[in-house]
Amino acid sequence: MRFNSYEFIVFFALVLALASLARGRARHALLLGASYAFYASWSAPFVLLLVYSTFLDFVCGKRIAHASTRAARLGWLWTSLLGNLGVLFYFKYGNFFLDNVAFVSGIDPEPFYLNVVIPLGISFYTFQSMSYSLDMYRGDGEPCESFLDFALYVTFFPQLIAGPILRAAEFLPQLSRTEPVSEREVLAGVELFLLGLFKKVVVADNLAVLADQVFASPLEYSGAAVSLATTAFWLQIYCDFSGYSTMAQGLALLLGFSLPRNFDYPQLRHNPILYRRSWHITMGNWFTDYVYKPLGGSRVGDARFAFNIMVTWTLLGLWHGASWA
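Residue numbers (our numbering): 35 to 359.
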């Protein structure tokens, strides 16, 4: 179910109606069930991966928080990292790895290709779940004692497939809320959803028609037309991603949850640093906090600073996908 489909509108209206009647843990269970149902509408078997990632980091995070030695804490952290990244590597990078091994060795890779489909949103929920174990290792916050609450944090359906990438400290405290959703939140939620829907359906989808037409046979068009199509594609990507994130904010607000802004008009930024900081903000913050800063950030020598930048941006690129084409 896409956010801009009639099926989703009916689904969300039903969830919203039931959620308005439920309270406390019953409401959390309802939203968790709705999140699994939403993901199952894309691919039911991959719900097991969601449960796996959730259970892995719930256990690892708690073990890390209660471990008495640094070695034990580090061991459970590596369990989380390898358990999450191993699954991500298999589904998203396995065939790319085989291609490169085949290129170096001269072996035909076709008999070894993995016949897999990349699970929707795996890069988002894997990193979101994994950040909890990383936070527990760094001593940031208290461990979550409720598997139900933690599972809802990992799978909350408005942001499950396209972000924003949440931190446990941002989401879990909101589950203790007892007051009903206010009229102001309803109006703001509807406004955000309609804004995101406009960016996705009216702007992005129509720009895609223009860009696809030119890119299908670029030699048939003038340089000006190709340049226009390139600009259209750039705006299409922005409105597509930011549209989904804005719709997610609106849907979450209607359910009584606040999600962070993921795009802050990068087109208005006047230098590359500000542009990067305003594009896919939660993803950039994830790599800054868990990769760039632990490596030393900018408070190191020039050579190490360049190394830190290269590692961070290489991993950012791999997060989006791997291909030489």
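Ideal Cβ placement from N, Cα and C applies to all residues, glycine included. Here the structure is a predicted model, which means the values were calculated and not measured.
How many Å lie between residue i and residue j at the Cα?
i	j	result
Leu-269	Arg-104	47 Å
Lys-360	Gly-120	It is not possible to answer for residue 360, since the shown part of the chain is limited to 35 through 359.
Pro-207	Ser-139	52 Å
Arg-36	Leu-285	13 Å
Ser-261	Ser-210	51 Å
Ala-63	Glu-179	15 Å
Leu-90	Thr-346	25 Å
Phe-249	Ala-242	10 Å
Phe-130	Val-81	25 Å
Val-236	Gly-95	43 Å
Phe-72	Leu-52	15 Å
Ser-69	Leu-186	8 Å
Asp-298	Phe-275	12 Å
Met-164	Trp-353	14 Å
Glu-5	Ser-77	Nothing about residue 5 can be reported from this structure: the residues present for the chain run from 35 to 359 only.
Ser-114	Tyr-86	11 Å
Val-224	Leu-288	7 Å
Gln-247	Tyr-324	40 Å
Ser-279	Ile-141	43 Å
Phe-158	Phe-232	24 Å
Thr-88	Val-188	6 Å
Thr-371	Val-135	No answer is possible for residue 371: it lies beyond the span of the chain, which begins at 35 and ends at 359.
Thr-257	Gly-197	For clarity, residue 257 is Gly in the given sequence; the question names Thr instead. Cα to Cα, the separation comes out at about 36 Å.
Ile-307	Phe-46	38 Å
Leu-48	Ile-152	29 Å
Asp-133	Thr-316	31 Å
Pro-294	Leu-349	23 Å
Gly-318	Phe-227	23 Å
Phe-339	Leu-302	28 Å
His-314	Gln-193	13 Å
Tyr-272	Arg-310	13 Å
Leu-66	Tyr-171	26 Å
Phe-7	Gly-155	The structure shown does not extend to residue 7, since the chain is modelled only from 35 to 359, so the question has no answer here.
Ser-292	Gln-283	7 Å
Asp-57	Ser-167	The question names Asp, but residue 57 in the sequence shown is Arg. Their Cα atoms are separated by approximately 29 Å.
Leu-182	Leu-55	19 Å
Leu-413	Gly-355	The structure shown does not extend to residue 413, since the chain spans only 35 to 359, so no value can be given for it.
Ala-222	Gly-128	43 Å
Leu-253	Ala-263	13 Å
Tyr-326	Trp-320	9 Å
Gly-175	Gly-117	22 Å
Phe-42	Leu-50	12 Å
How far does the alpha helix (DSSP H) with residue i in it extend, from its first residue to its last?
i	result
Arg-14	A query on residue 14 cannot be resolved here, the shown segment of the chain reaching from 35 to 359 and no further.
Gly-290	That residue, Gly-290, is in no alpha helix (DSSP H); it is neither H nor E in DSSP.
His-100	81 to 100
Glu-219	217 to 231
Met-164	156 to 172
Thr-362	The structure shown does not extend to residue 362, since the chain is modelled only from 35 to 359, so the question has no answer here.
Ile-43	40 to 55
Glu-204	202 to 205
Leu-241	239 to 250
So is residue i buried or exposed if we call it buried at 16+ other beta carbons inside 10 Å?
i	result
Tyr-107	The displayed chain sequence assigns Arg, not Tyr, to residue 107. So Arg-107 ends up on the buried side.
His-304	exposed
His-100	exposed
Asp-169	buried
Leu-111	buried
Gln-162	buried
Ser-102	exposed
Pro-79	exposed
Ala-238	buried
Ile-25	Any question about residue 25 goes unanswered here, given that the chain covers just 35 to 359.
Asn-149	exposed
Gly-277	buried
Leu-200	buried
Arg-218	exposed
Met-344	exposed
Arg-333	exposed
Arg-59	exposed
Ser-251	exposed
Thr-212	exposed
Leu-84	buried
Asn-296	buried
Ala-337	exposed
Asn-240	exposed
Gly-335	exposed
### Message
For a minimum of 4 consecutive residues, which ranges assigned as the alpha helix (DSSP H) are wholly contained in the stretch 103 to 142?
### Response
As far as the stretch 103 to 142 is concerned, its whole alpha helix (DSSP H) runs of at least 4 residues are 104 to 122, 128 to 139.
### Query
What are the start and end residues of each continuous beta strand (DSSP E) run of 3 or more residues lying completely inside the stretch 310 to 336, in chain order?
Counting only runs of 3+ residues, no beta strand (DSSP E) is found wholly inside the stretch 310 to 336.
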